[in-house]
Amino acid sequence: MASDEGDLLSKSLEYAVEREGESSALCITLLLGLNCEEDYRVKAASVRALGVFVLYPCLRQDVLFVADTANAILSSLQDSSVNVRMRATWSLGNLSDALLINLESEDDAFVSQFSDLLLQKLFEAAIQAAGDHDKVKSNAVRGLGMLVRFMQPHTLAKSSFQTLIEKAVMALLKNINGGAVKVRWNACYALGNMFRNPNLGLGTAPWGSEVYRSLIKVITECKNFKVRINGALALSIPSKRLDYGSIDQFTRVWSCLVQATAVIGQVSEISELKYRDTLRDQLCQTIIHLALLVDGDDLSDLNPILQGNVDMMQSNIQKFSSTSSTASTGQKPHGNDVAPVREHLSTLEDIQGLEPGAREALEMLQQVFVAMTTEVMLDDTDPQSMSSGGGIPLD
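Taken in order, the sequence shown gives residues 145 to 539; the numbers are from our numbering.
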């Protein structure tokens with residue numbers, strides 16, 4: 145009966161919460177109480193329900209409710225039942241999402257009142273869960289990425305959190321480099337979320353080089369296209385040239401993307417065929433992003449990577465530019481993404497003292513991103529060539 149009660153509350157609380165009356169408070173109190181029940185079915189239902197409700201605006205902004213939910217999740221993560229822990233990590237992902245929504249909506253009162261101690265406990269629990277059963281891992285890594293993204297400068301400055309970040313990164317890399325496919329692509333996506341924290345100091349972090357090595361390996365070696373797509377997506381997130389570290393490391397990232405684009409037509413598993421266009425588009429988007437960050441010091445080292453690949457890259461960029469990205473507001477031509485690259489590359493022409501190799505690399509890049517003067521004809525042997533969009537959405 146108790147587990148049925150938890151499910152019933154999960155389905156009916158939305159009605160009560162929207163009215164924000166006594167019934168809402170009563171339902172929440174009952175739900176938190178059910179999380180303390182011994183029956184694993186009850187705990188699983190209640191912690192999942194809390195994960196649903198923590199995203200409701202009227203509850204998400206209530207720091208006390210979010211803290212109560214966090215403590216309920218922490219308790220459930222210690223349960224002996226895999227089903228309970230699986231539901232708990234799913235709710236942890238939602239709670240982490242709620243924290244980010246509050247941060248991005250500039251709810252300064254909430255962000256300042258949310259306890260660093262509780263955040264530390266959530267980190268520790270998520271790191272532990274990232275080494276649990278595969279059903280638990282996939283949401284644990286999702287939560288880790290968002291928790292790092294949520295961290296504020298004053299929190300990042302604490303040595304205890306620096307240690308936690310390093311442990312979180314190692315947990316993510318372990319899941320990226322092996323294991324279930326769903327866990328691997330969630331871990332790649334989590335790294336991308338981490339990279340969105342502008343205060344992380346990615347380019348100088350002691351673990352930064354290892355992160356880039358793992359993403360490069362995934363993009364060039366992993367057979368699963370969904371993992372490769374999320375790896376390429378992660379590489380497109382850092383917003384500053386400094387975030388990519390040394391010239392040598394930046395060049396390795398470029399080399400990986402060029403290599404992956406060159407072999408995009410080689411599909412070893414028929415099940416991956418439907419993701420090929422999506423992978424091509426993501427690789428092109430990431431290359432465009434990197435091209436916007438190239439500076440004069442990078443050009444000489446990029447020369448050997450571009451040699452012999454200009455036509456291939458130009459062809460793929462033009463295919464990408466001829467498609468549209470579908471958004472809720474309509475379709476946006478991808479060709480609009482390329483124009484700023486041409487403008488940026490033109491500014492590099494004015495750099496004094498460019499070596500011949502650097503000047504040649506700049507000319508090759510300009511050729512890759514040359515404006516389309518004729519309609520791009522897609523390869524009619526490509527089963528996906530009739531797609532007018534940017535690929536098949538990931539399931």
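Glycine residues also receive a C-beta, built at the ideal position from the N, C-alpha and C atoms. In this text the structure is predicted, and so the values were computed from the model without any measurement.
Cα-Cα separation, residue i to residue j
| i | j | result |
| --- | --- | --- |
| VAL505 | PRO201 | With the sequence shown as reference, residue 505 is identified as Ala, and Val is not the correct amino acid for it. For ALA505 and PRO201, the distance between alpha carbons rounds to 51 Å. |
| ILE414 | ARG420 | 10 Å |
| VAL397 | LYS279 | 31 Å |
| GLY534 | GLN426 | Note that GLY534 has pLDDT 35, beneath the 50 cutoff, so the model's placement of it is unreliable and the number below is only indicative. In a straight line, the C-alpha of GLY534 is about 9 Å away from that of GLN426. |
| LYS388 | LEU437 | With the sequence shown as reference, residue 388 is identified as Tyr, and Lys is not the correct amino acid for it. One C-alpha to the other measures close to 10 Å. |
| GLN410 | GLU365 | 12 Å |
| GLY452 | VAL402 | 11 Å |
| ILE217 | PHE267 | 12 Å |
| GLN296 | GLU499 | 42 Å |
| ASP223 | VAL186 | 12 Å |
| LYS318 | GLY237 | 19 Å |
| LEU231 | HIS277 | First, the amino acid is wrong: residue 231 is Arg here, not Leu. Answer to the nearest angstrom: the Cα atoms are 12 Å apart. |
| GLY497 | VAL292 | 42 Å |
| ILE408 | PHE369 | 10 Å |
| MET456 | ALA406 | 7 Å |
| VAL362 | MET338 | 18 Å |
| LEU288 | CYS400 | 26 Å |
| ASN227 | SER304 | 31 Å |
| LEU489 | ARG372 | 28 Å |
| PRO448 | VAL454 | 11 Å |
| ALA270 | GLY195 | 15 Å |
| ALA284 | GLY323 | 14 Å |
| THR467 | LEU244 | 32 Å |
| PRO350 | ALA435 | 25 Å |
Span of the alpha helix (DSSP H), counted from its first residue to its last, around residue i
| i | result |
| --- | --- |
| ALA270 | 260–273 |
| LEU423 | 420–437 |
| PRO448 | 443–450 |
| MET295 | Element bounds for MET295: n/a, residue is neither H nor E. |
| ALA502 | 500–512 |
| TYR184 | 184–197 |
| GLN458 | 454–465 |
| ILE245 | 226–248 |
| ASN319 | 303–320 |
| SER390 | Careful: SER390 lies outside any alpha helix (DSSP H) and carries neither H nor E. |
| SER380 | Here SER380 belongs to no alpha helix (DSSP H), and DSSP marks it neither H nor E. |
| ILE217 | 207–220 |
| ASP252 | 252–257 |
Min CB distance residue i to chain B below 8 Å
| i | result |
| --- | --- |
| PHE339 | In the displayed structure, chain B is absent; only one protein chain is listed. |
Environment of residue i [buried if 16+ CB atoms lie within 10 Å]
| i | result |
| --- | --- |
| PRO382 | buried |
| SER282 | buried |
| VAL355 | buried |
| GLY352 | buried |
| ASN343 | exposed |
| LEU377 | buried |
| GLN429 | buried |
| ALA483 | exposed |
| GLY474 | The predicted position of GLY474 is uncertain, since its pLDDT is 46 and thus under 50; no value can be drawn from it. |
| LEU443 | buried |
| THR173 | exposed |
| LEU261 | exposed |
| LEU386 | exposed |
| GLN462 | buried |
| LEU308 | buried |
| LEU203 | buried |
| LEU199 | exposed |
| THR491 | exposed |
| GLY336 | buried |
Distance cut-off 7 Å: residue i Cβ against heavy atoms of the ligand ZN
| i | result |
| --- | --- |
| ASP425 | Ligands are entirely absent from the displayed structure, and the ligand ZN is therefore not among its contents. |
DSSP state of residue i mapped onto helix, strand, coil
| i | result |
| --- | --- |
| TRP351 | coil |
| VAL327 | helix |
| VAL407 | coil |
| THR473 | Its pLDDT being 38, under 50, THR473 is placed unreliably in this model, and the value from its coordinates should be taken loosely. Coil at THR473, not helix or strand. |
| LEU344 | coil |
| ASP276 | coil |
| CYS202 | helix |
| GLU413 | coil |
| ALA515 | coil |
| GLY375 | helix |
| ASN337 | helix |
| ASP494 | coil |
| ASP223 | coil |
| LYS361 | helix |
| LYS367 | coil |
| CYS332 | helix |
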